[in-house]
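Chains A and B are the protein sequences, given in the same order. Counting along the first sequence from 1, when you hit position 225 you're at 224 in numbering that gives the first Met the number 0, and nothing is skipped either side. Counting along the second sequence from 1, when you hit position 387 you're at 386 in numbering that gives the first Met the number 0, and nothing is skipped either side. Note that beta-carbon positions come from the ideal geometry of N, C-alpha and C, so glycine has one too. Only one structure is covered here, and it is reproduced in the block below.
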Amino acid sequence: MGRDQLSQGQDLGQSAQRLDRGAAAVAEDSSCVGSGRVDRLCAVAGPGVTAAEARGALERRGVRVADLPRLPVRPPEAIGRHPDFADLLPRLGRKLSIELVFGSSLKRGFRVLEGLRLEDGRRLDLAVIDEARQQAPAGAMHDDWSRVLSVLADAAQQPGALDDIAFWEVVELLRPLARLGYSQRALTEQAVRLALERGEAEVLAAAVAEEHEMLQTRDVAAPAATEPSAPAAYRPTVPDPGLASEPPADDRAVTAEPLQPVTDLQSRIIRSSTDIVQLSWSPPAAGLVSMRMAAGPSPWREGSVVTIRDVDGYGSPLRVTGVPGPDRKMTHELPLPPTRAFVTAMTVLGASAAVGRTVEITRGAPVRGLSVRRFGDEVRLTWTWPEEAIAARVAWQPSAVVGDAGAAPAGRQEQTCSRRKYDAEGGFSAVMGYAEQHVAVWAVIAGADGKEVTNPAEIVVPGTGIPVHYDIRRVLGFGGLVSLIRRRRRRRVRVRATRPCNLPDVVVIESRRPGIPLGPDDGTAVGRITRQHMEPGSSLEVVVELGARGPSWLACFVDPARPAQARDQVTLAPAPGARRQVR
Amino acid sequence: MIALPFLPRHRLACPYCYETFPEWQIEFRCSGRPGPGGQRCEPGPDPQQQNHFGSTGDQLHTFRDIRHRRRSTCPDSKARTHTRVCPRCHSTFPVHFGRVNSQLIALVGARDSGKTVFMTVLMHEFEFRLGERLGASISGADDTTRSTFRRDYEQRLYEGHSLPDPTFPVAADRRGYRPPMVFRFKRRARSLLPGRTRQTLLSFFDTAGEDLTTTASTELNGRYLEAANAIILILDPLQMPGGRQRAAKEALHQDPRPEDDPYSVIQRITEMLQAGHRDRKIRKPLAVVFTKLDALWHEFPEGTPLKRPGPNGPGSDELDGQDVHRHVQALLHDWDGRQIDEYLRQNYSCYRYFGASALGAIPTPDRRLSGVPSPHRIGDPLVWLLAKEHIVRTVRGS
Chain A
0 MGRDQLSQGQ
10 DLGQSAQRLD
20 RGAAAVAEDS
30 SCVGSGRVDR
40 LCAVAGPGVT
50 AAEARGALER
60 RGVRVADLPR
70 LPVRPPEAIG
80 RHPDFADLLP
90 RLGRKLSIEL
100 VFGSSLKRGF
110 RVLEGLRLED
120 GRRLDLAVID
130 EARQQAPAGA
140 MHDDWSRVLS
150 VLADAAQQPG
160 ALDDIAFWEV
170 VELLRPLARL
180 GYSQRALTEQ
190 AVRLALERGE
200 AEVLAAAVAE
210 EHEMLQTRDV
220 AAPAATEPSA
230 PAAYRPTVPD
240 PGLASEPPAD
250 DRAVTAEPLQ
260 PVTDLQSRII
270 RSSTDIVQLS
280 WSPPAAGLVS
290 MRMAAGPSPW
300 REGSVVTIRD
310 VDGYGSPLRV
320 TGVPGPDRKM
330 THELPLPPTR
340 AFVTAMTVLG
350 ASAAVGRTVE
360 ITRGAPVRGL
370 SVRRFGDEVR
380 LTWTWPEEAI
390 AARVAWQPSA
400 VVGDAGAAPA
410 GRQEQTCSRR
420 KYDAEGGFSA
430 VMGYAEQHVA
440 VWAVIAGADG
450 KEVTNPAEIV
460 VPGTGIPVHY
470 DIRRVLGFGG
480 LVSLIRRRRR
490 RRVRVRATRP
500 CNLPDVVVIE
510 SRRPGIPLGP
520 DDGTAVGRIT
530 RQHMEPGSSL
540 EVVVELGARG
550 PSWLACFVDP
560 ARPAQARDQV
570 TLAPAPGARR
580 QVR
Chain B
0 MIALPFLPRH
10 RLACPYCYET
20 FPEWQIEFRC
30 SGRPGPGGQR
40 CEPGPDPQQQ
50 NHFGSTGDQL
60 HTFRDIRHRR
70 RSTCPDSKAR
80 THTRVCPRCH
90 STFPVHFGRV
100 NSQLIALVGA
110 RDSGKTVFMT
120 VLMHEFEFRL
130 GERLGASISG
140 ADDTTRSTFR
150 RDYEQRLYEG
160 HSLPDPTFPV
170 AADRRGYRPP
180 MVFRFKRRAR
190 SLLPGRTRQT
200 LLSFFDTAGE
210 DLTTTASTEL
220 NGRYLEAANA
230 IILILDPLQM
240 PGGRQRAAKE
250 ALHQDPRPED
260 DPYSVIQRIT
270 EMLQAGHRDR
280 KIRKPLAVVF
290 TKLDALWHEF
300 PEGTPLKRPG
310 PNGPGSDELD
320 GQDVHRHVQA
330 LLHDWDGRQI
340 DEYLRQNYSC
350 YRYFGASALG
360 AIPTPDRRLS
370 GVPSPHRIGD
380 PLVWLLAKEH
390 IVRTVRGS
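If you want it as structure tokens, here you go:
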């Protein structure tokens with residue numbers, strides 16, 4: 000055996016060892032890889048190692064080599080044109096839109112790689128979506144639920160669009176986890192928890208992990224490529240790693256736009272083996288967004304403008320790399336901080352910064368399943384408590400003033416509800432008026448350094464019409480006497496407003512049913528009141544002539560022929576205890 | 000004292016077995032303590048209690064003492080006792096029984112109409128909100144009610160978020176028998192003397208839905224209904240064709256059974272009440288409660304009485320009650336229940352409709368709730384019945 004041959008043999012032996020070690024390292028983290036990983040393993044093992052050998056080494060270690068799917072970089076068009084779509088699922092407490100269609104049967108398993116298919120063979124099509132729409136739950140979730148299903152129903156018109164949506168949603172759930180450093184096996188388990196078939200979960204996790212590795216490699220190789228392309232004039236004077244690296248891309252008319260604060264910063268805790276906080280915000284038209292994390296709330300009021308120097312003195316910057324989502328919002332995930340923290344969004348433009356919204360982040364889980372039921376001007380809220388909560392803070396204010404940055408919150412009210420009181424009374428009730436209200440509920444937990452509040456759960460309480468009462472009286476005076484003599488059945492209907500309102504057209508209905516009429520179709524119209532503005536305390540009266548024989552019921556209803564918008568402005572109801580039966 | 004219709008005033012009704020008897024027949028149960036001579040009585044089987052409630056274990060003996068009403072001395076051991084028991088079923092009477100007003104309230108309805116949930120939530124509401132509103136307190140009047148209500152009903156529903164199991168039929172299995180629950184309703188009396196209170200014992204007999212479908216238990220239930228001062232009839236609108244059509248789909252877990260049809264239930268109850276009496280209207284107050292309104296909530300337009308906040312005055316709000324009565328009456332016609340309205344009109348001289356939701360949400364098919372019950376207008380029927388007996392005030396508008 001010559002020296003060359005010996006050397007060649009030693010090289011081969013070393014290559015084989017490197018290949019084996021490399022395959023073992025891959026197997027530690029992955030149960031499935033793509034061809035890119037095989038190529039890298041070949042490169043690590045040495046020039047003499049072929050792809051087939053690398054593939055064999057991996058398979059001996061129990062690692063499957065598969066053709067990885069191409070991952071979408073932007074949402075399917077069917078949901079891309081609905082910016083609010085991405086917000087709906089978190090509000091409904093769901094991860095995938097198909098959960099709303101298939102319900103618990105999805106838990107038996109599904110596949111997405113060759114089109115969405117449930118383990119029981121069912122596919123997603125218009126028929127099952129329509130069926131799900133009919134079974135949409137009533138209550139607070141109804142609107143969001145119906146909205147998701149209607150977007151899906153629209154998408155069903157395009158071939159393959161529903162499959163693309165399902166695929167996109169699964170991928171979008173895994174990508175943030177990859178960015179947080181989840182191992183490929185952890186990604187696989189997350190996908191399996193969604194009820195994705197394990198084989199497909201392994202393939203998708205491999206694809207997401209490989210995509211993430213490629214992005215990281217590209218970022219390291221060419222960091223400037225991912226930097227925002229904003230002019231230097233708008234960069235902060237002090238280097239700030241907290242500046243969001245993905246500002247709004249195209250419509251950045253920087254020089255012309257004023258400094259705008261971020262008013263919709265929200266945080267959401269994603270519970271898993273490693274708890275993650277997801278921040279989301281709409282990028283302002285100009286400037287760069289810097290996130291500052293501190294132990295206390297921002298000393299400035301939302302909407303105020305401060306200098307960069309002031310900003311640097313508050314908390315520490317977060318290294319955020321926002322990713323625009325299908326709803327055009329930036330999102331960023333970070334590990335849940337061990338102690339209570341506040342994150343404030345700062346819009347930096349030149350040497351100034353606009354103070355945006357502050358969110359509080361705590362380890363405690365927020366209340367879940369916040370739902371609402373309205374009883375006139377009284378609103379009852381119910382929710383599911385997190386385990387450790389001892390009370391809840393409930394704040395509400397008319398929706399019209401929410402988001403007015405810098406303005407003092409008008410009409411904002413807040414109450415604390417102890418858990419015991421909530422359990423005893425079956426919820427939290429408060430008189431909130433008739434207008435639409437924006438309600439936020441924070442769970443209060445007993446922390447090591449006193450009481451802490453969790454992230455808020457928020458809900459919008461739909462408004463209800465301004466109450467307008469009516470009552471029915473006898474016709475008195477000479478007219479009444481004449482009616483009595485002529486045996487005519489006449490009554491005076493009086494409508495009274497409790498506050499300023501625009502009364503729509505009203506019809507007075509006479510019904511001969513045994514019970515009171517419940518709608519305008521339950522009898523015949525015997526009178527009308529035309530639409531007009533009413534002031535509180537003012538009343539309108541109309542005398543109606545009833546049929547020849549009694550008894551019959553009288554009731555007023557808003558004219559059903561009017562548009563719904565006009566009808567909903569008032570709630571027409573009889574005055575309590577009003578007599579409505581006419582003999 | 001109990002005021003039972005058609006009976007002399009000195010007759011009392013046991014709040015557990017609903018049998019009537021004159022006061023002098025009340026018996027005492029030996030305390031089991033040693034008497035002055037060191038003798039003590041030992042427990043033994045109690046055939047009368049076994050006969051009524053199945054096996055109840057060994058008990059100390061009972062004896063009658065017509066000379067004493069509040070306390071007595073055991074003729075065997077000479078030990079003093081103040082434990083008074085029913086001469087018919089040997090149940091221990093609550094303290095003050097016979098000297099305070101008693102109201103026996105029968106809670107009837109078809110199977111799965113929600114009677115037990117209704118009663119549990121009603122008592123819970125009394126303890127917290129209704130009691131405060133009426134200036135009253137309500138508490139279990141005996142150990143069984145105190146322990147059973149907490150353990151078997153309240154904790155299960157409010158902490159376990161789980162609905163109770165179907166109630167056992169009284170005649171089918173004695174061991175599954177659930178005795179009536181007796182509560183003490185105590186409120187400040189309107190008196191010139193400060194601190195005066197007025198007590199009423201409220202006995203609720205929760206019938207099993209099956210009791211109203213078989214003739215085997217008709218006699219027993221007939222006795223309960225006969226002795227009851229008032230009746231709360233729970234009807235499930237989801238058992239009615241019109242109600243089912245309008246209800247939220249997730250509330251329709253099972254198909255209705257013909258024997259649970261509300262009209263059939265009302266007919267059976269009415270026949271039980273009329274048996275042995277002249278052909279005339281029944282004068283017992285009847286509160287007809289349509290439950291599970293959460294399943295129909297989306298059907299009610301804004302401004303209707305059922306969507307108003309419940310009354311919060313210190314009594315039964317007559318105006319609000321009439322509004323709800325008329326509205327539910329109209330809904331009844333919408334739910335294809337016209338014959339029910341007509342039947343009640345012909346057979347009862349004092350009845351009123353109520354609409355309520357005990358849970359405030361639709362439970363899951365496996366009979367679980369996502370949170371605590373969030374009831375709506377659950378107290379209205381009982382407050383109306385108490386007002387009928389002048390135990391609480393009637394107010395007009397609150």
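Going by CA-CA distance only, name the one from the options that's closest to residue i.
i: D322 (chain B); options: A:A572, A:Q13 and A:A42; result: A:A572
i: L115 (chain A); options: A:R178, A:D162, A:S538 and A:R174; result: A:D162
i: V358 (chain A); options: A:R339, A:D376, A:L369 and A:V371; result: A:R339
i: D260 (chain B); options: B:S76, B:D316 and B:I339; result: B:I339
i: P385 (chain A); options: A:A560, A:R63 and A:I268; result: A:I268
i: P33 (chain B); options: B:Q198, B:E26 and B:T72; result: B:T72
i: T493 (chain A); options: A:P499, A:R486 and A:V467; result: Per the sequence shown, the amino acid found at residue 493 (chain A) is Arg instead of Thr. Closest by alpha carbon: A:V467.
i: L517 (chain A); options: B:H326, B:R367, B:Y350 and B:P86; result: B:H326
i: Q568 (chain A); options: A:T463, A:R362, A:V366 and A:F374; result: A:T463
i: G349 (chain A); options: A:T415, A:L369, A:P257 and A:S281; result: A:P257
i: P163 (chain B); options: B:D379, B:R367, B:V382 and B:L381; result: B:R367
i: T529 (chain A); options: A:I515, A:D558, A:P513 and A:G522; result: A:D558
Can you have a look at residue i and say buried or exposed, based on whether 16 or more other CB atoms are within 10 angstroms of its CB?
i: D520 (chain A); result: exposed
i: I389 (chain A); result: exposed
i: M213 (chain A); result: exposed
i: S146 (chain B); result: exposed
i: P42 (chain B); result: exposed
i: D249 (chain A); result: With a pLDDT of only 37 at D249 (chain A), under the threshold of 50, the placement of this residue in the model should not be trusted; the figure read from the coordinates follows. So D249 (chain A) counts as exposed.
i: G56 (chain B); result: exposed
i: D141 (chain B); result: buried
i: A51 (chain A); result: exposed
i: N501 (chain A); result: exposed
i: E301 (chain A); result: buried
Going by DSSP in three states, residue i sits in which element: helix, strand or coil?
i: A247 (chain B); result: coil
i: N50 (chain B); result: helix
i: A407 (chain A); result: Confidence is the limiting factor: at A407 (chain A) the pLDDT is only 45, short of 50, which leaves the residue's position unreliable, though a coordinate-based value still follows. Coil, per DSSP.
i: K283 (chain B); result: coil
i: C13 (chain B); result: coil
i: I100 (chain B); result: The amino acid occupying residue 100 (chain B) in the given sequence is Asn; Ile does not appear at that position. It is a strand residue.
i: E201 (chain A); result: helix
i: M239 (chain B); result: coil
i: Q568 (chain A); result: coil
i: G43 (chain B); result: strand
i: W167 (chain A); result: helix
i: S30 (chain B); result: coil
i: N228 (chain B); result: coil
Residue range of the beta strand (DSSP E) that residue i falls in?
i: C500 (chain A); result: C500 to L502
i: L369 (chain A); result: R367 to F374
i: I389 (chain A); result: A388 to P397
i: F117 (chain B); result: Run containing F117 (chain B): none in the beta strand (DSSP E); it sits in the alpha helix (DSSP H), K114 to E124.
i: C416 (chain A); result: Q412 to S417
i: M533 (chain A); result: Q531 to M533
Identify the continuous alpha helix (DSSP H) that holds residue i and give its terminal residues.
i: S482 (chain A); result: G476 to I484
i: C555 (chain A); result: Taken as a continuous stretch (DSSP letters only), C555 (chain A) belongs to no alpha helix (DSSP H), being part of the beta strand (DSSP E) at S551 to V557.
i: A293 (chain A); result: Element bounds for A293 (chain A): not the alpha helix (DSSP H) but the beta strand (DSSP E), L287 to A293.
ask   = Where are the alpha helix (DSSP H) runs, 4 residues long or more, that stay fully inside the region 57-134 of chain A, in chain order?
value = 76-79, 84-91, 97-101 and 125-133
request  = Entirely within the region 288-316 of chain B and at least 3 residues each: give me those beta strand (DSSP E) ranges in chain order.
outcome  = 314-316
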